[in-house]
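Heads up: take any position in the sequence shown, counting from 1, add 414, and you land on this note's numbering.
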Amino acid sequence: MAMTKQEKLDAKLEKAYYRKHKSHIKLTGGDVAFYIVDYIVFGLFALLCFFPFYYIFINTVSNNEMVARGAVNFYPIGFTLQNYKDMLALGDLGQAFIVTISRTLIGTVLMVVASAFCGYLVTKKEMWNRKFWYRFLVITMYFNAGLIPGYTNMLMLGLTDNYLGYIIPAIVQPYNIILVKTYIESIPAELEESAFIDGAGYMTIFRKLIWPLSKPILATIAIFGAVGHWNSFMDSVINMQNSPNLHTLQHKLYIWLNQSSNIASTIGTARTASEMEALINKLNSGKVIKYTISMVTVLPILLVYPWMQKYFEKGIMLGAVKG
């Protein structure tokens with residue numbers, strides 16, 4: 415529920431009072447010990463979460479020979495950006511990046527709009543068979559036809575080897591619609607009633623009242639949608655087999671992983687020392703490129719998520735109060 419101007423003012427005054435008087439709060443020995451242990455435990459936990467990303471990064475900016483020897487563990491050795499230049503030289507990687515970022519932007523926008531409109535729609539008691547359609551929507555969360563029927567369905571609809579196969583199936587997300595519905599129900603009904611009295615219709619109310627007030631929950635489901643689209647690769651592997659130009663970044667990383675595994679399995683079959691050396695060099699090169707692509711794949715989400723965090727916390731809590 416949106417805060418009034420007076421409530422915002424009271425909240426600011428409360429924060430200002432706390433900042434002014436917090437230095438006078440006396441902490442007991444137990445409080446100090448608790449804070450110390452708390453900071454240490456959560457600091458170590460944060461470090462454990464951060465270190466894998468840091469480890470991948472320092473390996474991408476280090477000398478490839480040092481990476482191959484396993485000498486890069488805590489800081490870069492022989493700093494270089496050549497690996498990122500080599501990655502940009504890969505002909506099909508730029509196309510994969512365009513496909514991934516475009517499906518993320520378009521798919522997320524359409525999903526947010528559809529979830530907002532459907533969530534608002536199922537809150538209206540005058541909707542024909544509202545309970546039936548809402549329950550029908552929820553049931554789809556618990557039943558899945560499976561991989562082969564799903565692929566057959568996509569094939570019959572003409573969505574295999576088709577860019578729209580990334581967008582259309584992900585527009586309607588029942589869980590996100592439930593979150594939006596619950597959030598809209600927390601908005602005071604008097605606001606909508608007053609808009610009706612002033613002559614506003616459903617679309618006007620949705621566009622000028624419901625949509626602005628629902629920004630926290632919409633930002634929350636936007637995070638869900640963006641992360642889902644950005645990290646998805648099985649739909650690319652299964653549905654885009656004959657269209658390499660539609661492969662996503664994650665699909666390319668999957669291909670590199672398979673190639674590295676295949677090279678590693680063939681090293682023992684090398685007949686000469688030169689063949690084995692060539693295979694090892696190719697494996698090490700593939701390993702570094704794999705790290706570099708992983709870093710490029712993860713970085714956008716790491717940059718976007720902290721900016722959306724404030725909306726995420728507020729939206730997910732308010733959207734989960736009622737069912």
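Backbone N, C-alpha and C define an ideal beta-carbon position, used for all residues, glycine too.
So the candidates are 656, 526, 623 and 712; which of them puts its Cα closest to the Cα of residue 631? Position 217 of the sequence shown, counting from 1, holds the residue named residue 631. 526 is the residue among 656, 526, 623 and 712 whose C-alpha sits nearest the C-alpha of residue 631.
What residue range does the alpha helix (DSSP H) around residue 396 cover? Residue 396 is absent from the structure shown; the chain starts at 415 and stops at 737.
Considering residue 445, what are the terminal residues of the alpha helix (DSSP H) in which it resides? For this step, residue 445 is matched to residue 31 along the sequence shown. From DSSP, the alpha helix (DSSP H) with residue 445 extends over 443-474.
Separation of residue 474 from residue 704, as counted between CA atoms: Position 290 of the sequence shown, counted from the first residue, corresponds to residue 704. Position 60 of the sequence shown, counted from the first residue, corresponds to residue 474. Rounded to the nearest angstrom, the two C-alpha atoms are 9 Å apart.
From 717, 601 and 515, residue whose alpha carbon lies closest to that of residue 646: Mapped onto the sequence shown, residue 646 falls at position 232. Comparing Cα positions, the closest option is 515.
Please classify residue 496: is it buried, with 16 or more other beta-carbons within 10 angstroms of its beta-carbon, or exposed? As a first step, residue 496 must be located in the sequence shown, where it is residue number 82. Sixteen is the threshold: since fewer than 16 other Cβ atoms of the shown chains lie within 10 Å of the Cβ of residue 496, the residue is exposed.
Return helix, strand or coil for residue 637, following the three-state DSSP convention. Within the sequence shown, numbered from 1, the residue matching residue 637 stands at position 223. It is helical.
If the criterion is Cβ atoms closer than 8 Å, does the pair residue 521 and residue 639 meet it? For the purposes of this step, residue 521 is taken as residue 107 along the sequence shown, with counting starting at 1. For the purposes of this step, residue 639 is taken as residue 225 along the sequence shown, with counting starting at 1. Their beta carbons are under 8 Å apart, which means residue 521 touches residue 639 by this criterion.
Report the rounded CA-to-CA distance for residue 467 versus residue 451, giving the unit in angstroms. Along the sequence shown, one-based indexing puts residue 467 at 53. Along the sequence shown, one-based indexing puts residue 451 at 37. Roughly 25 Å between the two C-alpha positions.
Chain-order list of residues whose beta-carbon lies under 8 Å from that of residue 687 (same chain, five-residue window excluded): Position 273 of the sequence shown, counting from 1, holds the residue named residue 687. With a pLDDT of 48 at residue 687, under the threshold of 50, the predicted position of this residue should be treated as unreliable, though the coordinate-derived value follows. So the list is empty, once near-sequence residues are dropped.
Cα-Cα, which of 657, 626 and 661 is closest to residue 643? For the purposes of this step, residue 643 is identified with residue 229 of the sequence shown, where counting begins at 1. Of the candidates 657, 626 and 661, 661 places its Cα closest to the Cα of residue 643.
Determine the DSSP secondary structure at residue 577, reduced to helix, strand or coil. Counted from its first residue, the sequence shown places residue 577 at position 163. DSSP places residue 577 in coil when its eight states are reduced to three.
Following the continuous alpha helix (DSSP H) through residue 585, name the residue where it begins and the one where it ends. For the purposes of this step, residue 585 is identified with residue 171 of the sequence shown, where counting begins at 1. Careful: residue 585 lies outside any alpha helix (DSSP H) and carries neither H nor E.
Report the residue from 623, 531 and 663 whose alpha carbon sits nearest the alpha carbon of residue 507. Locating residue 507 in the sequence shown gives position 93, counting from the first residue. For the set 623, 531 and 663, the Cα lying nearest the Cα of residue 507 is the one of 663.
Can you check which of these residues, 477, 628, 543 and 655, is closest to residue 595 by C-alpha distance? On the sequence shown, position 181 is the one that residue 595 refers to. Nearest neighbour of residue 595 by Cα position, chosen from 477, 628, 543 and 655, turns out to be 628.
Residue 479 burial status per 10 Å Cβ neighbour count (16 or more: buried): Taking the sequence shown and counting its residues from 1, the one referred to as residue 479 is at position 65. Label assigned to residue 479: exposed.
Contact check, residue 551 vs residue 591 under 8 Å by CB: the rounded distance? Here residue 551 is taken as the residue at index 137 of the sequence shown, counted from 1. Here residue 591 is taken as the residue at index 177 of the sequence shown, counted from 1. Right, the Cβ-Cβ distance comes to about 6 Å (below 8 Å), so this counts as a contact.
May I ask which residues mark the beginning and end of the alpha helix (DSSP H) holding residue 550? If you number the sequence shown from 1, residue 550 lands on position 136. Where residue 550 is concerned, the enclosing alpha helix (DSSP H) stretches over 544-553.
Going by alpha carbons, who is nearest to residue 716 out of 654, 659, 667 and 637? On the sequence shown, residue 716 is found 302 positions in, with the first residue counted as 1. If we check each option's Cα against that of residue 716, 637 comes out closest.
Alpha carbon to alpha carbon, how far is residue 470 from residue 491? Give it in angstroms, no decimals. Position 77 of the sequence shown, counted from the first residue, corresponds to residue 491. Position 56 of the sequence shown, counted from the first residue, corresponds to residue 470. CA-CA distance, residue 491 to residue 470, rounds to 13 Å.
Distance between beta carbons of residue 530 and residue 670, contact taken as under 8 Å: In the sequence shown, counting from the first residue as 1, residue 670 sits at position 256. In the sequence shown, counting from the first residue as 1, residue 530 sits at position 116. Not quite, the Cβ-Cβ distance comes to about 38 Å (not below 8 Å), so this is no contact.
Residue burial classification, residue 540 (beta-carbon count within 10 angstroms, cutoff 16): Along the sequence shown, read from residue 1 onward, the residue named residue 540 stands at position 126. By the Cβ neighbour-count rule, residue 540 is exposed, with fewer than 16 other Cβ atoms within 10 Å of its own.
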